[in-house]
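Enquirer: Can you keep this structure in mind? I'll have questions shortly.
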Amino acid sequence: MRKLLFILFWMISTFGFGQSESHIQLEQQITAADRMAFSNPDSALIALKKLEPKLDDDRLKSKFLLAKGSAYSVKHLSSDALRLGLAALNNSEKSKDSLMMINSLGFIGNQYYILKLNKKAINYLNRAETIIDYLNDNSLQQVTANIYFVKALIYKDNLDPEFAIRYFDKAINEYIKSKNKSILLNINITKIQKGYSLIDIGKAKEAEIIFSEVIRESEKNKIAEVYSYARIGLAASLESQKEFLKANQILLETEKQIGKSQDIGMLTEIYDALSQNYLGQNNENRYFFYNQKLENNLLKNEEIEKKSFSDLLDKNVELQNVELNNNRKLFYIFMILIFLFTFGSLFYINRRIKS
Amino acid sequence: MLALQAKSQITDAQNLTKDVEALKYSDPEKALKTAQYIVSNQSFGSVDDVYNAYLLQAEIYINLGRYNDAVVRLISADRLSSNVYNSFLKAKNNFLLGKIYVKTGFQNAMSHSISELEKASESLEGEEKNTAVIWKTELEIQKLYSEKKYKDALSLIQKNKNLQSELYPTFGIQLQLIRSEIENKPITVDFKDNPYFQFLSNINLLKAKIQNNDFQESDLVSLKKQNSQYGDVFYKEIYQLWSQKVCNTSDSQNCFRVRKEYIRLLKLSISDLQEARVNIINLVDQKEKQINISEKDFQNKILSVLLSISFLLVIGFLIYYLVLRNRVKMANSEIEKQHLFDEYEQKLTDQLKDFQASNVFVIPEKTENLILSKLEIFEKSKEVTNPHLSLVVLAKRLDTNSKYLSEIINKHKEKNFSNYLNELRIKYIVGKLENNPEYLQYKTSYLAEEAGFASRTTFTTIFKNVTGTSPSQFIEQLKNK
Numbered sequence: 001m002r003k004l005l006f007i008l009f010w011m012i013s014t015f016g017f018g019q020s021e022s023h024i025q026l027e028q029q030i031t032a033a034d035r036m037a038f039s040n041p042d043s044a045l046i047a048l049k050k051l052e053p054k055l056d057d058d059r060l061k062s063k064f065l066l067a068k069g070s071a072y073s074v075k076h077l078s079s080d081a082l083r084l085g086l087a088a089l090n091n092s093e094k095s096k097d098s099l100m101m102i103n104s105l106g107f108i109g110n111q112y113y114i115l116k117l118n119k120k121a122i123n124y125l126n127r128a129e130t131i132i133d134y135l136n137d138n139s140l141q142q143v144t145a146n147i148y149f150v151k152a153l154i155y156k157d158n159l160d161p162e163f164a165i166r167y168f169d170k171a172i173n174e175y176i177k178s179k180n181k182s183i184l185l186n187i188n189i190t191k192i193q194k195g196y197s198l199i200d201i202g203k204a205k206e207a208e209i210i211f212s213e214v215i216r217e218s219e220k221n222k223i224a225e226v227y228s229y230a231r232i233g234l235a236a237s238l239e240s241q242k243e244f245l246k247a248n249q250i251l252l253e254t255e256k257q258i259g260k261s262q263d264i265g266m267l268t269e270i271y272d273a274l275s276q277n278y279l280g281q282n283n284e285n286r287y288f289f290y291n292q293k294l295e296n297n298l299l300k301n302e303e304i305e306k307k308s309f310s311d312l313l314d315k316n317v318e319l320q321n322v323e324l325n326n327n328r329k330l331f332y333i334f335m336i337l338i339f340l341f342t343f344g345s346l347f348y349i350n351r352r353i354k355s
Numbered sequence: 001m002l003a004l005q006a007k008s009q010i011t012d013a014q015n016l017t018k019d020v021e022a023l024k025y026s027d028p029e030k031a032l033k034t035a036q037y038i039v040s041n042q043s044f045g046s047v048d049d050v051y052n053a054y055l056l057q058a059e060i061y062i063n064l065g066r067y068n069d070a071v072v073r074l075i076s077a078d079r080l081s082s083n084v085y086n087s088f089l090k091a092k093n094n095f096l097l098g099k100i101y102v103k104t105g106f107q108n109a110m111s112h113s114i115s116e117l118e119k120a121s122e123s124l125e126g127e128e129k130n131t132a133v134i135w136k137t138e139l140e141i142q143k144l145y146s147e148k149k150y151k152d153a154l155s156l157i158q159k160n161k162n163l164q165s166e167l168y169p170t171f172g173i174q175l176q177l178i179r180s181e182i183e184n185k186p187i188t189v190d191f192k193d194n195p196y197f198q199f200l201s202n203i204n205l206l207k208a209k210i211q212n213n214d215f216q217e218s219d220l221v222s223l224k225k226q227n228s229q230y231g232d233v234f235y236k237e238i239y240q241l242w243s244q245k246v247c248n249t250s251d252s253q254n255c256f257r258v259r260k261e262y263i264r265l266l267k268l269s270i271s272d273l274q275e276a277r278v279n280i281i282n283l284v285d286q287k288e289k290q291i292n293i294s295e296k297d298f299q300n301k302i303l304s305v306l307l308s309i310s311f312l313l314v315i316g317f318l319i320y321y322l323v324l325r326n327r328v329k330m331a332n333s334e335i336e337k338q339h340l341f342d343e344y345e346q347k348l349t350d351q352l353k354d355f356q357a358s359n360v361f362v363i364p365e366k367t368e369n370l371i372l373s374k375l376e377i378f379e380k381s382k383e384v385t386n387p388h389l390s391l392v393v394l395a396k397r398l399d400t401n402s403k404y405l406s407e408i409i410n411k412h413k414e415k416n417f418s419n420y421l422n423e424l425r426i427k428y429i430v431g432k433l434e435n436n437p438e439y440l441q442y443k444t445s446y447l448a449e450e451a452g453f454a455s456r457t458t459f460t461t462i463f464k465n466v467t468g469t470s471p472s473q474f475i476e477q478l479k480n481k
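Order-wise, the sequence lines are chains A and B.
Start counting the first sequence at 1; every next residue gets the next number (the numbering used here).
Start counting the second sequence at 1; every next residue gets the next number (the numbering used here).
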């Protein structure tokens with residue numbers, strides 16, 4: 001679910017505020033780099049580096065810092081992401097730009113949430129919420145909703161589902177108010193999360209209604225990203241109501257649907273749910289079968305993670321080495337220039353002296 | 001007094017470090033708290049003490065299988081590393097990093113750690129160097145083990161089994177543990193002194209019992225009860241093996257229970273590893289950035305020094321050039337002035353010649369004779385000693401003009417007016433000296449004044465020119481006569 005959270009957060013900085021034509025163009029370029037950050041953070045960073053010298057506006061600079069922070073966040077460089085978020089906050093505070101302050105505070109809160117530093121995350125998100133309440137600006141609905149969503153997730157993690165539900169509802173209300181088609185994905189993710197919190201407090205029937213609603217919405221609007229998650233949620237709500245067979249049927253269908261794509265993360269969730277269902281049914285064979293599949297998937301996923309992180313680390317080190325080599329090249333060029341300047345000047349002066 | 005207090009505080013921090021070392025296996029939680037005390041009160045010890053406390057915490061967390069916590073401590077240690085110059089502690093840091101890299105699957109980073117450890121150990125001596133060599137050997141064995149090169153790992157264990165270090169006394173046990181993992185056999189060594197390794201050995205023993213169908217749940221319960229300080233993650237493999245056994249029987253309730261616990265521990269351990277990896281990415285990035293920054297700083301310093309030297313050289317040369325140019329300019333100007341002066345002088349001389357040529361005058365003979373006779377009278381008079389006498393004054397007294405008088409003196413006396421008058425004055429004073437013996441007693445300055453000279457020096461010079469001797473010698477000669 002964390003990846004979906006990232007998708008949410010680039011939404012934060014996609015609102016427009018450009019004044020002049022050149023600013024609008026720059027803002028669009030930063031937004032494009034921000035979007036790119038989630039699929040290809042290295043390319044996004046290169047694109048952003050090219051834009052940096054053109055930035056002459058505090059708001060654009062803050063937006064630029066947040067986009068850069070997003071790229072680092074995707075590269076799992078949380079400390080860099082946080083540093084940039086704090087720099088954006090500092091910049092927006094200096095320029096007294098409430099809108100960018102809210103964005104920066106939301107971004108920092110999200111980074112702390114990713115680092116599991118929930119107390120710090122809540123602190124920054126509360127600050128953002130205070131400014132939002134003070135401004136009471138309708139154009140901030142989407143940002144407000146995102147902040148409520150992260151706060152709800154934190155309460156959910158802190159095993160406070162009732163408070164989490166309150167914030168999920170607040171987030172859903174804000175998303176609906178913003179009447180922006182692009183937030184459909186956000187609404188449905190929020191609803192899924194709310195569904196799980198409802199199961200946690202024993203309101204499985206309500207959860208079932210919500211998950212079914214999301215399934216319908218995602219089918220209608222072809223939002224493939226949330227469809228399978230909603231079905232897994234629906235099965236979980238049915239399992240809570242001890243309707244194991246129905247739950248199994250949904251899970252097995254979902255397994256079939258996503259089986260070809262080999263989405264290990266999703267399959268792991270399905271096998272986990274299936275083994276839980278068979279445990280509820282006291283079906284040892286099926287339980288052991290799916291539990292073994294779950295184990296295999298967990299181990300397989302762990303291997304994939306191990307490799308991808310190892311590749312990521314190698315890539316990061318390589319990039320740092322490239323920077324190191326570039327610095328060295330620059331250093332040698334400067335040395336040569338200094339020598340040329342010195343000897344050139346001395347030669348010239350010497351000639352003048354002789355003449 | 002303050003220095004004494006500081007010294008005693010450092011000793012306290014080091015004493016606490018010794019406590020941590022002593023407790024790290026038997027009571028890891030207490031050891032962690034003690035190390036945390038050093039870390040929380042950073043003024044309590046030196047930077048090295050705090051750094052070492054972080055490393056000890058990381059080491060304990062690695063032992064407890066809490067890799068993310070270990071990485072977090074290593075990140076904190078790394079933030080201090082720029083102020084730490086103790087190579088042994090740096091080598092230890094690389095050793096711990098290497099261990100974490102093995103556990104989290106960062107093979108390339110692991111090789112880097114081994115080479116960094118080797119680099120840090122170059123400046124070490126004695127037991128510390130020996131320990132660094134042992135750490136390096138253990139990392140190499142761990143690397144081979146993680147790459148499933150069991151044969152190579154076993155041969156390296158065999159080759160290094162006799163290595164020992166006072167600063168790392170558990171090396172032998174570590175090797176035994178790796179060997180027992182590879183050979184899937186319980187360890188035969190007695191760990192009476194070390195409850196942690198005893199616990200690990202018991203875990204291995206239980207695993208072997210499960211495989212030999214000799215396992216009783218009570219063994220596990222009692223092991224957990226006796227070793228509550230070490231956490232649940234150590235039992236993951238026991239539950240895995242046990243679940244495989246129990247789920248193949250008809251004991252469904254036990255299968256559900258054991259399997260559930262195994263999956264819980266598996267998820268726990270995977271989640272810890274994943275968080276550790278994210279933090280390692282940040283740690284390595286932090287390290288690489290530090291390297292880049294320190295190299296950049298070094299390069300900037302060199303460039304600044306070079307630039308300063310270059311500027312000084314150029315400015316020095318420029319100043320030298322400007323001074324030289326100024327001198328040349330001045331010399332040229334002098335030459336030019338001289339040239340102008342010469343030209344001007346030449347012009348004047350030419351003009352004078354022209355003037356003289358165009359203004360040749362003739363003194364009537366009668367006038368010339370009259371002036372000559374008046375001059376004869378003047379030469380014998382005391383008037384020659386008049387200090388205010390000049391050509392104009394004399395011409396006036398002789399009722400003529402200075403032009404006529406000068407021309408006649410030049411023509412008949414063959415000298416200019418000044419020499420003529422000076423000679424007359426010297427003759428006058430010589431006459432006085434020869435004819436009046438009292439003059440021989442007078443001082444030269446008086447004689448000069450008497451002769452009409454303004455200064456004694458002028459008188460002496462002219463006297464010598466006229467008579468060939470100085471006034472004093474002349475007087476002496478007269479006295480001797």
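Beta carbons: idealized from backbone N, C-alpha and C, even for Gly.
Computed from a predicted model, the values in this text were never measured in an experiment.
Counting pairs of Cβ atoms below 8 Å between the stretch 147-165 of chain A and the stretch 190-205 of chain A, do you hit three or more?
Expert: yes
Enquirer: Report yes or no: is there a C-beta of chain B within less than 8 Å of the C-beta of arginine 352 (chain A)?
Expert: yes
Enquirer: What in chain B is Cβ-close to tyrosine 112 (chain A), meaning under 7 Å?
Expert: In chain order: nothing, as chain B lies at least about 14 Å away.
Enquirer: Please classify leucine 4 (chain B): does DSSP put it in a helix, a strand, or coil?
Expert: In this prediction, leucine 4 (chain B) has a pLDDT of 43, which is less than 50 and means its spatial position is unreliable; what the coordinates show is noted afterwards. Helix, per DSSP.
Enquirer: I'd like to know if the stretch 46-63 of chain B and the stretch 266-274 of chain B are in contact, where contact means that at least 3 CB-CB pairs between them fall below 8 Å.
Expert: no
Enquirer: Quick check: is the beta carbon of serine 355 (chain A) nearer than 8 Å to any beta carbon in chain B?
Expert: no
Enquirer: With DSSP collapsed to three states, give me the class of glycine 452 (chain B).
Expert: coil
Enquirer: Roughly how many whole angstroms lie between the Cα atoms of tyrosine 332 (chain A) and asparagine 321 (chain A)?
Expert: 16 Å
Enquirer: Under 7 Å from any heavy atom of the ligand FMN, does the C-beta of isoleucine 263 (chain B) make it?
Expert: Absence of the ligand FMN is noted for the structure shown, with no ligands found whatsoever.
Enquirer: Quick check: the Cα distance between aspartate 78 (chain B) and glutamate 225 (chain A), rounded to an integer number of angstroms?
Expert: 40 Å
Enquirer: Report the neighbours of valine 287 (chain A) on chain B: residues whose CB is nearer than 7 Å to its CB, in chain order.
Expert: Sequence inspection shows tyrosine at residue 287 (chain A); the valine mentioned does not correspond to that position. Per Cβ cutoff of 7 Å: Phe256.
Enquirer: Counting only beta-carbon atoms, is valine 74 (chain A) nearer than 8 Å to chain B?
Expert: no
Enquirer: Would you tell me roughly how many angstroms separate the C-alpha atoms of isoleucine 141 (chain B) and phenylalanine 171 (chain B), rounded to the nearest one?
Expert: 12 Å
Enquirer: Please classify serine 115 (chain B): does DSSP put it in a helix, a strand, or coil?
Expert: helix
Enquirer: State buried or exposed for glutamate 22 (chain A), treating a residue as buried only when at least 16 other CB atoms are found within 10 Å of its CB.
Expert: Contrary to the premise, residue 22 (chain A) reads as serine rather than glutamate in this sequence. The residue is exposed, with fewer than 16 neighbouring Cβ atoms inside 10 Å.
Enquirer: Determine the direct distance from the alpha carbon of asparagine 130 (chain B) to that of proline 169 (chain B), and round the result to whole angstroms.
Expert: 12 Å
Enquirer: Given leucine 139 (chain B), which residues of its chain have a CB within under 8 Å of its CB, disregarding the five upstream and five downstream residues?
Expert: Phe95, Gly98, Lys99, Val102, Met110, Ser113, Ile114 and Leu117
Enquirer: Report the three-state DSSP secondary structure of valine 102 (chain B) (helix, strand or coil).
Expert: helix
Enquirer: Using the Cα positions of proline 161 (chain A) and serine 275 (chain A), report the straight-line distance between them to the nearest angstrom.
Expert: Here the alpha carbons of serine 275 (chain A) and proline 161 (chain A) stand approximately 24 Å from one another.
Enquirer: With a threshold of 8 Å between beta-carbons, can serine 345 (chain A) be considered close to chain B, or not?
Expert: yes
Enquirer: Identify every run of the alpha helix (DSSP H) within the stretch 223-309 of chain B, keeping only runs that are complete inside it and at least 4 residues long; order them along the chain.
Expert: 236-246
Enquirer: Between which two residues does the alpha helix (DSSP H) holding leucine 55 (chain A) run?
Expert: Unbroken run through leucine 55 (chain A): none, as it is neither H nor E.
Enquirer: Looking at the structure shown, is proline 169 (chain B) part of a helix, part of a strand, or coil, going by DSSP?
Expert: Looking at proline 169 (chain B) - three-state DSSP - the assignment turns out to be coil, as it is neither helix nor strand.
Enquirer: What first and last residue would you give for the alpha helix (DSSP H) that runs through valine 322 (chain A)?
Expert: 284-354
Enquirer: Does DSSP classify isoleucine 462 (chain B) as helix, strand or coil?
Expert: helix
Enquirer: Count the other CB atoms, across all protein chains shown, that sit within 10 Å of the CB of threonine 469 (chain B); report buried if there are 16 or more and exposed otherwise.
Expert: exposed
Enquirer: Quick check: what's the CA-CA separation for phenylalanine 197 (chain B) versus aspartate 48 (chain B)?
Expert: 28 Å
Enquirer: Count the other CB atoms, across all protein chains shown, that sit within 10 Å of the CB of threonine 364 (chain B); report buried if there are 16 or more and exposed otherwise.
Expert: Rather than threonine, the amino acid found at residue 364 (chain B) in this sequence is proline. A residue is called buried once 16 or more other Cβ atoms fall within 10 Å of its Cβ, and proline 364 (chain B), having fewer, is exposed.
Enquirer: Within its chain, find whatever has a CB closer than 6 Å to the CB of aspartate 200 (chain A); leave out the 5 residues flanking it on each side and keep chain order.
Expert: So the list reads Pro161, once near-sequence residues are dropped.
Enquirer: Check for me: the alpha helix (DSSP H) holding asparagine 186 (chain A) runs from which residue to which?
Expert: 184-200
Enquirer: Please report the distance separating the alpha-carbon of aspartate 431 (chain A) from that of asparagine 146 (chain A).
Expert: One cannot answer for residue 431 (chain A) here, as it falls past the ends of chain A, which runs 1 to 355.
Enquirer: Who are the near neighbours of glutamate 129 (chain A) in its chain, counting only those whose CB is closer than 7 Å to its CB and skipping five residues on each side?
Expert: Ile147
Enquirer: Would you please state the rounded distance, in angstroms, between the beta carbons of isoleucine 31 (chain A) and leucine 313 (chain B)? I believe it to be under 8 Å.
Expert: Correcting the residue type first, residue 31 (chain A) is threonine in the shown sequence and not isoleucine. Not quite, the Cβ-Cβ distance comes to about 52 Å (not below 8 Å), so this is no contact.
Enquirer: Throw me the rounded Cβ distance for the leucine 206 (chain B) and isoleucine 238 (chain B) pair, which I believe falls under 8 Å.
Expert: 5 Å
Enquirer: Looking at chain B, is there any beta carbon in it that lies within less than 8 Å of the beta carbon of isoleucine 349 (chain A)?
Expert: yes
Enquirer: If we call anything under 8 Å between Cβ atoms a contact, is lysine 75 (chain A) one with asparagine 316 (chain A)?
Expert: yes
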